[in-house]
Amino acid sequence: MNAKTPSRLEKILRAGHLAVTSECGPPRGSDIGHLAAKAEAIRRHVDAINVTDNQTSVCRLCSLAACIRLKLMGLEPVLQMVVRDRNRIALQSDILGAASFDIHNILCLSGDHQRFGDHAQGQNVFDLDSMQLLQTVRRMRDEGRFLGGDPIERPPAMFVGAAANPFADPFEIRVPRLAKKIAAGAEFIQTQCIYNVERFERWMQGVRDRGLHEKAFILAGVTPLKSAGMARYMKNKVPGMDVPEEVVKRMAGVPKDRQAEEGIAICIETLQRLKEVPGVAGFHIMAIEWEERVPEIVERAGLAPRPAVA
Amino acid sequence: MRLGYPESVKIIRVPCTGKVDALHLLRCFERGADGVLVVGCREGDCHYQSGNFRARKRVGEVGALLERIGVGGGRVRMVNLSSSDAPLFVRAAREFHEAVLAAGPNPVGRRRRPEPAPARAGAPNPPPQEAIRP
Amino acid sequence: MIVAERKPIEEILPWLEGVRSVLVLGCNECVTVCEAGGKKEVGLLASALRMVFAQQGREVNVGERTLERQCDPEYLDELRDSIDAYDAVVSLACGVGIQFTAERYPSKAVYPGVNTCFMGAALERGVWAERCQGCGQCLLALTGAVCPVARCAKRLFNGPCGGSTAGKCEIGPDVECAWQRIIDRLKALGRLADYETLIPVKDWSKDRAGGPRKVVREDVRS
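Residue numbers (my numbering), protein chains in the order written: chain A, 546 to 855; chain B, 188 to 321; chain C, 9 to 230.
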């Protein structure tokens, strides 16, 4: 398969390597130094770095500016873009802005509802949904046209991704939903973090049955748990998250000062199991404010060194 | 049994406390009542299944409104008892009487009457259940 | 129906400072059915206002009237002979009726006595839920007659999002996931395969986004 864009992530995936991505959240202020340091720390251990877009609806420095910073550092950013805050004019405008800095990856998302964030009284936009954003980016790239139909000079050359949550309800449409995202134009998929590997395997079986793993690269998501408290919170409070009781028990079963190490160990074991799942094309490691541990996770999971591509 | 209850208590009979509307209660206070005690059947004994439960909700609603407009939420109260339980009625009436005396006169004033409602609007004169006039 | 909620009296009182007469004006349509602005609610608000004015030592004439509709000129005309007796009107109609009353009587101050909430239906006595946002381009044929515009917190046309859990929306356990409903309906209709049809980008120009809207029927126009 030949790459359709200059994206390094795309080249690695198309060359058949297991890709590794990670992500960084921008700061709640204009000092971008911390983000740059987090990204620098994982530079040699990941192929691309997602930059979240006002995640959980908490207002932060914009994903686009942070992506530009990473790009200027010689890193490979994945621009996360939610449809919650911008209409089709602003979305396409920001896509062009990213393209002007040769940002070659985009992840199209709905975005958490604003009630979770620090501006719960805000209006939401949802002019497009995440699938329609996928279609929009593909139209801009492949047809060189805006949604409105006018031609684009120097269209964006972006490798287009979407999120998938194998654990949300209703389970029966989780595979059809992935098919729909791929039909809408998704070329790579990053999944919700996986703690219930059996359930993920069931989902992947459905994915393979329909050959979807051959139409898009599926990056399995993992998040190392820092504590038993975090495990319980993820299990009980985060919608669409599936943390099995045995994971919570395992975390709670070790003394507090060793829970972080246990979380890393679980994460590495999960990655090793996921490597055996047919159709998995790579991993997305979301170490929330814990990016410094990503290199170790990558190494211990046998995913280092990262391949070089032309 | 000859049990006395405070003279200021005026009894208004209704078929069921479920018939007592929020508007009836408000009109009592508008006309100067210092307190209204709604006496319903015991919970579970309502002949119409849920009349007394409905009344309880309305009493709560009206009490909250009276509190917010400065009349005082404690001036309306509901008790449940059986019609044969005179001692309980007398005790409730005395206790409420004391509470209303402590709250003092209705700040709306006693002489007030509602404006005559225009021909096309306004409910018929309401039958409030019990008004206490010390 | 249009569903409204009574405004707290504390919000209304400051508007009536200094008035000598006020008309509390109800509407016999939607707001009567949803118990926010019919004859009974007019009586309750008027009674409460009288008690407040009495405590303030003010002589204020509080009138009560409930029209068949406040959104039709012929019913509003019924006020023509009596409206001059009032300095102000507190309308318990929906936002439509409040504005239409003010348009019909331009020199009268008209204040809202309710918050107009949504177009909805009664789930049970005392519980109303939103069903329609009047987007101007009905898509219910595609979604098993469950509206994602009105009932999905993100108005997703190709949902559900990843926050759907056990039939509930991510914004709260009291909110149903519209897309769970859509999928249940499609399944019941034997049309689950339709789920994979991508619903195209919506034309929002017929929504409020396109500016204030008007419907004109030349065949019935006078």
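Don't be surprised by glycine CBs; every beta carbon is placed ideally from N, CA and C.
Of the residues Asn-741(A), Ala-560(A), Val-628(A), Arg-631(A), the one whose Cα lies closest to the Cα of Glu-791(A) is Asn-741(A). Gly-134(C) is positioned such that its CB atom lies no closer than 8 Å to that of Asp-215(C).
Taking the CA atoms as reference points, Leu-848(A) sits about 10 Å from Lys-820(A). The three-state reading of DSSP puts Phe-712(A) in coil, since its state is none of H, G, I, E or B.
For Gly-167(C), no chain B residue has a C-beta closer than 8 Å to its own C-beta; the minimum C-beta separation is roughly 37 Å. Under the Cβ criterion of 8 Å, Phe-283(B) is not counted among the residues facing chain C.
At least one CB of chain C lies nearer than 8 Å to the CB of Met-676(A).
In this structure the region 118–129 of chain C does not lie against the region 626–638 of chain A, because fewer than three pairs of beta carbons, one per stretch, are closer than 8 Å. Comparing alpha-carbon positions, the option among Val-258(B), Gly-205(B), Leu-252(B), Gly-222(B) lying closest to Cys-228(B) turns out to be Gly-205(B). When DSSP states are grouped into helix, strand and coil, Gly-222(B) belongs to the strand group. Under DSSP, the beta-bridge partners assigned to Ala-137(C) are Ala-129(C).
The beta carbon of Phe-216(B) sits closer than 8 Å to some beta carbon of chain C. Taking a Cβ-Cβ threshold of 7 Å, the residues of chain A close to Ala-174(C) are Asp-714, in chain order. A check of alpha carbon separations from Glu-568(A) across Pro-823(A), Val-752(A), Ala-581(A) identifies Ala-581(A) as the nearest.
Note that the region 764–774 of chain A does not touch the region 715–729 of chain A; fewer than 3 beta-carbon pairs, one per stretch, sit closer than 8 Å. Identification of residues in the region 45–56 of chain C having a C-beta nearer than 7 Å to some C-beta of chain B yields Lys-47, Lys-48, Val-50, Gly-51, Leu-52, Ser-55, Ala-56, given in sequence order. In chain order, Asp-647, His-649, Ala-702 place their CB closer than 8 Å to the CB of Pro-551(A), counting only its own chain and leaving out the 5 sequence neighbours on each side. Leu-164(C) and Asp-674(A) do touch by the CB rule: their CB atoms are close to 4 Å apart, below 8 Å. Taking all protein chains in view, the Cβ of Asn-166(C) is crowded by 16 or more other Cβ atoms within 10 Å, so the residue is classified as buried.
With distances taken between CA atoms, Gly-570(A) lies nearest to Ala-611(A) out of Ala-560(A), Gly-827(A), Ala-611(A), Lys-760(A). Along the region 705–790 of chain A, the beta strand (DSSP E) occurs as fully enclosed runs of 3 or more residues at 733–738, 762–767, listed in sequence order. Taking the Cβ atoms as the reference, Val-118(C) lies roughly 5 Å from Val-97(C), within the contact range of under 8 Å. In this structure Gly-45(C) is in contact with Cys-35(C), their Cβ atoms being roughly 6 Å apart against a cut-off of 8 Å. From the beta-carbon of Arg-255(B), the residues of chain C found nearer than 9 Å are Pro-16, Ile-17, Glu-18, Ala-56. Using beta-carbon distances, Phe-762(A) does not count as an interface residue toward chain C, since no partner is under 8 Å. Asp-695(A) counts as exposed, since fewer than 16 other beta carbons sit within 10 angstroms of its beta carbon. Under the 8 Å criterion on CB atoms, Gly-170(C) is classed as interfacial with respect to chain A. In this structure, Lys-47(C) sits near Thr-74(C), with a CB-CB distance shorter than 8 Å. Here the alpha carbons of Arg-684(A) and Val-705(A) stand approximately 11 Å from one another.
Within the same chain, Cβ atoms closer than 8 Å to the Cβ of Arg-818(A) are found at Val-742, the five residues on either side in sequence being excluded.
Looking at the DSSP output, Cys-653(A) bridges to Met-626(A), Ala-707(A).
Straight-line measurement puts the Cα of Cys-738(A) at about 8 Å from the Cα of Met-831(A). Here the C-alpha atom of Leu-692(A) lies approximately 35 Å from the C-alpha atom of Ala-174(C).
Lys-15(C) and Thr-109(C) have their C-alpha atoms spaced approximately 18 Å apart.
Distance from the CA of Arg-744(A) to the CA of Leu-200(C), rounded to the nearest whole angstrom, comes to 22 Å. Within the region 664–675 of chain A, contact with chain C at the beta-carbon level (separation under 8 Å) is assigned to Asn-669, Phe-671, Asp-672, Leu-673, Asp-674, Ser-675.
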